[in-house]
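Only one structure is covered here, and it is reproduced in the block below.
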Amino acid sequence: MTKNNFEIIYTPIGGAGQIGMNLYLYGYRKPNKEINWLMVDCGIGFADEFYPGIDIMVPDIDFLQNRNNKLIGIVLTHAHEDHYGAISSLINDKIDVPIFCTKFTAELLKEKISEDYNDMILDMKIVKDNAKFDVGEFNIEFINVAHSIPEPNALKISLGDFNIVHSADWKLDEKPVIDRKTDTKKFEKIGKSGCDVLVCDSTNIFRKDISLTESKVADNLIKAVKKINGLAIVTTFSSNVSRLKSIIDAGIINNRKIILSGRSIKRFVKVAKICGYISKDVHFHEEKDIKKISKSNVLIICTGSQGEGNASLSKIALGRNHLISLCEGDVVLFSSKTIPGNENSIGYLKNKLVELGAEIIDDATQDIHTTGHPSRPELEKLYSLLNPTTVIPMHGELFHLSEHINFAKKNKIKNPIFVKNGDMVRLHPKTPEVIDKTEPSFYLRDGDVFIDPYDQSLKDRRRLQESGVVFVTLILDRNFILYVDPVIELLGVPNSLNQIENTEKYVELIIENAIDSLPNAKKRDESFMQNYLEKTLRSELYSKWGKKPIIKINLTFV
Numbered sequence: 022m023t024k025n026n027f028e029i030i031y032t033p034i035g036g037a038g039q040i041g042m043n044l045y046l047y048g049y050r051k052p053n054k055e056i057n058w059l060m061v062d063c064g065i066g067f068a069d070e071f072y073p074g075i076d077i078m079v080p081d082i083d084f085l086q087n088r089n090n091k092l093i094g095i096v097l098t099h100a101h102e103d104h105y106g107a108i109s110s111l112i113n114d115k116i117d118v119p120i121f122c123t124k125f126t127a128e129l130l131k132e133k134i135s136e137d138y139n140d141m142i143l144d145m146k147i148v149k150d151n152a153k154f155d156v157g158e159f160n161i162e163f164i165n166v167a168h169s170i171p172e173p174n175a176l177k178i179s180l181g182d183f184n185i186v187h188s189a190d191w192k193l194d195e196k197p198v199i200d201r202k203t204d205t206k207k208f209e210k211i212g213k214s215g216c217d218v219l220v221c222d223s224t225n226i227f228r229k230d231i232s233l234t235e236s237k238v239a240d241n242l243i244k245a246v247k248k249i250n251g252l253a254i255v256t257t258f259s260s261n262v263s264r265l266k267s268i269i270d271a272g273i274i275n276n277r278k279i280i281l282s283g284r285s286i287k288r289f290v291k292v293a294k295i296c297g298y299i300s301k302d303v304h305f306h307e308e309k310d311i312k313k314i315s316k317s318n319v320l321i322i323c324t325g326s327q328g329e330g331n332a333s334l335s336k337i338a339l340g341r342n343h344l345i346s347l348c349e350g351d352v353v354l355f356s357s358k359t360i361p362g363n364e365n366s367i368g369y370l371k372n373k374l375v376e377l378g379a380e381i382i383d384d385a386t387q388d389i390h391t392t393g394h395p396s397r398p399e400l401e402k403l404y405s406l407l408n409p410t411t412v413i414p415m416h417g418e419l420f421h422l423s424e425h426i427n428f429a430k431k432n433k434i435k436n437p438i439f440v441k442n443g444d445m446v447r448l449h450p451k452t453p454e455v456i457d458k459t460e461p462s463f464y465l466r467d468g469d470v471f472i473d474p475y476d477q478s479l480k481d482r483r484r485l486q487e488s489g490v491v492f493v494t495l496i497l498d499r500n501f502i503l504y505v506d507p508v509i510e511l512l513g514v515p516n517s518l519n520q521i522e523n524t525e526k527y528v529e530l531i532i533e534n535a536i537d538s539l540p541n542a543k544k545r546d547e548s549f550m551q552n553y554l555e556k557t558l559r560s561e562l563y564s565k566w567g568k569k570p571i572i573k574i575n576l577t578f579v
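Using my numbering, you'd call the opening residue of the sequence shown number 22 and step up by one each time.
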């Protein structure tokens, strides 16, 4: 491979402008040829209140289907939902290429797919520690890093003598509970041979202190559980297997029986046992067993640290779990952080727990959580090891990426580049720069189907949330006289309005007056009549309420 007869292109589809939905593309192109794309990660995002009724977002990779683009393989750096969770949504539909990942990631992907898609077959290639392998023209090397899940990896991506380091999610942790430390010697070796581009995690760019080790958190959990006299409940991220092991150990050391509550936690514990990260000898009790055991001898590990409505902890807090109840003396530990956007749902959950008499302990009061991402001192350390020519921030909101650019400049990085979702960056040849843009998009999982973010149903839901809907059914005779009283249904509309005691009666009066005001010639035009009545009713309600609900009028003639 000669030095300058090919281009290397980098394009983030997700993850460079939001936390979540990580999907990064590295392209190889010879003159007048199609681009061969390597996909690094394929994660889901979590929808906010702007998309009512929607939980999950998946990246849109439609542009890979055109004749100038060819996807040749996928590398998964680790098994967090925001890095691998969209595979099951896109496979068979738009993806039919080998997937390279570690054993732990592969086992989780199998479990995840077996729950939702029993007949799906994946072409998974298991990659061992520190392995090197080729995907088309790309030479890939896995680099051990510490993170909050087993077997996470950074990547060295090489084409000829051009070297890219894709950090993925990482931190420096000198005392991890399971798995391995970040391989600083490997990074140093790469730095000495030449690191042309570093694409790097920006999540904690505003943090100035080095975070706690997982071992310290494990010690603190043991101490916290020891002080609890009643039922102990601990919620955390299901994927944080290090934390799950620490919580299990805290229960065992304090002579408590362990109960797992929540499908995703059970899935991760099952795979962690298969891969040897949690002992196969650990015995878990069922929720029904709690009636036979003193509360002071029980520790429950459950889903729901982000206030998710259908998660285990919310069901307990809202009385929807008929086996587990809380009272004074019970303690709920949140061994997790608050993901931006979830503040209200977590606050609501905590209030409900306190109403039941439970005490809340979280990382604001005790050191029972630590991050899996690098702070500024850790980033400085990585810079010093790799000495990259170019730094491209990723894995963050736009304000994270912007601050990472400032940070890189302060650390004398020669060529920091601000890149957001959809930007196409030529990394080689010449000095890296943005050369083109694609329009980044995504799909939303609505029940069992996928819709685009501009679907009319979402606009309707937002309007319903804001101002409700009024349904009116009118039955008229051939002389356009009401055959029976209007049938009116109000959804999300107050029963009374300003100076109006009964909204339903008011709507009936407006409709009757509007019909009477129309000449028969206009009434014969059913479409005109329907539009006129809807417009009139909407206007009158706005004058009394200050809001314009959706109006649906059904006309029937007898």
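All C-beta atoms, glycine included, are put in the ideal place defined by N, C-alpha and C.
Bear in mind the structure is a predicted one, so any value in this text is a computation, not a measurement.
For the segment 90 to 154, which segments carrying the alpha helix (DSSP H) assignment without a break, of at least 4 residues, lie completely within its bounds, in sequence order?
Taking only runs of at least 4 residues, the alpha helix (DSSP H) segments lying wholly in the segment 90 to 154 are 102 to 105, 108 to 111 and 124 to 137.
Can you tell me the Cα-Cα spacing of H390 and R228, whole angstroms?
Taking the first residue of the sequence shown as position 1, residue 390 is located at position 369. Taking the first residue of the sequence shown as position 1, residue 228 is located at position 207. Spanning the two alpha carbons is a distance of roughly 15 angstroms.
Candidates W566, I382 and E418: closest to G38 by CA position:
To locate residue 38, count along the sequence shown from 1; it is residue 17. Comparing Cα positions, the closest option is E418.
Spatial distance of C296 from M42 (CA atoms)
Within the sequence shown, residue 296 is the residue found at index 275, counting from 1. Within the sequence shown, residue 42 is the residue found at index 21, counting from 1. Those two C-alpha atoms are separated by around 26 angstroms.
From this set, P414, I142, V166 and L497, which residue's C-alpha is nearest V446's C-alpha?
Position 425 of the sequence shown, counted from the start, is the residue given in the question as residue 446. Of the listed residues, the one whose Cα sits closest to V446 is P414.
Since K458 sits in a beta bridge, which residues does DSSP pair it with?
Taking the first residue of the sequence shown as 1, we reach residue 458 at position 437. D444.
As an exercise, report each continuous beta strand (DSSP E) stretch of at least 3 residues that is fully enclosed by the segment 468 to 497, in chain order.
470 to 472 and 490 to 497
Runs of beta strand (DSSP E) wholly within the segment 322 to 371 (minimum 3 residues, chain order)
352 to 355
Report, in whole angstroms, the separation of the C-beta atoms of I211 and V186, which I expect to be a contact under 8 angstroms.
Here residue 211 corresponds to residue number 190 of the sequence shown, with the count starting at 1. Here residue 186 corresponds to residue number 165 of the sequence shown, with the count starting at 1. Going by Cβ atoms, the distance from I211 to V186 rounds to 6 angstroms, so yes, they are a contact pair.
Can you give, in chain order, each stretch of the beta strand (DSSP E) that sits fully within the segment 185 to 239 and has at least 3 residues?
218 to 222
So is H101 buried or exposed if we call it buried at 16+ other beta carbons inside 10 Å?
By 1-based counting over the sequence shown, the position of residue 101 is 80. Buried, because 16 or more other Cβ atoms sit within 10 Å of the Cβ of H101.
Could you confirm whether any beta carbon from chain D is found closer than 8 angstroms to the beta carbon of R483?
Although the question refers to chain D, the structure presented lacks it and comprises just one protein chain.
Give the DSSP bridge partners of K278, in chain order.
Taking the first residue of the sequence shown as 1, we reach residue 278 at position 257. Answer is V319, bridged to K278.
Return the bridge partner residues of W566 from the DSSP annotation.
By one-based count along the sequence shown, residue 566 stands at place 545. W566 is not bridged to any residue.
Taking contact to mean 3 or more Cβ pairs, one atom from each stretch, closer than 8 angstroms, check whether the segment 306 to 316 and the segment 266 to 286 are in contact.
yes
Using the Cα positions of F439 and K526, report the straight-line distance between them to the nearest angstrom.
Against the sequence shown, residue 439 aligns to sequence position 418. Against the sequence shown, residue 526 aligns to sequence position 505. A direct Cα-to-Cα measurement between F439 and K526 gives close to 59 angstroms.
8 angstroms Cβ cutoff met for S488 and K569
Stepping through the sequence shown from its first residue, residue 488 is reached at position 467. Stepping through the sequence shown from its first residue, residue 569 is reached at position 548. In contact: S488 and K569 (Cβ atoms closer than 8 angstroms).
Applying the criterion that 16 or more other CB atoms from any shown protein chain within 10 Å of the CB defines a buried residue, is Q21 buried or exposed?
This structure does not reach residue 21, given that the chain is present from 22 up to 579, and the question cannot be answered.
Quick test of the definition: if touching needs 3 or more C-beta pairs under 8 angstroms, does the segment 420 to 431 touch the segment 204 to 223?
yes
Under a three-way DSSP split, which group does N174 fall into?
Looking up residue 174 in the sequence shown gives position 153. In this structure, N174 counts as strand in the three-state DSSP scheme.
In or out: I199 buried (at least 16 other Cβ within 10 Å) or exposed?
One-based indexing of the sequence shown puts residue 199 at position 178. I199 comes out buried.
By Cβ distance below 6 angstroms, which residues in the same chain neighbour A167 in space, the five residues on each side in sequence not counted?
Mapped onto the sequence shown, residue 167 falls at position 146. The answer, listed in chain order, is K192, D194, P197, K202 and T203.
Sorted by chain position, which residues of the same chain lie with C-beta nearer than 7 angstroms to G393's C-beta, five sequence neighbours on each side aside?
The residue you call residue 393 lines up with position 372 of the sequence shown. Hits under 7 angstroms: H168, S169, D190 and K192.
Tell me the DSSP secondary structure of Y17 in three-state form.
Residue coverage of the chain in this structure runs from 22 to 579, which leaves residue 17 outside it and unanswerable.
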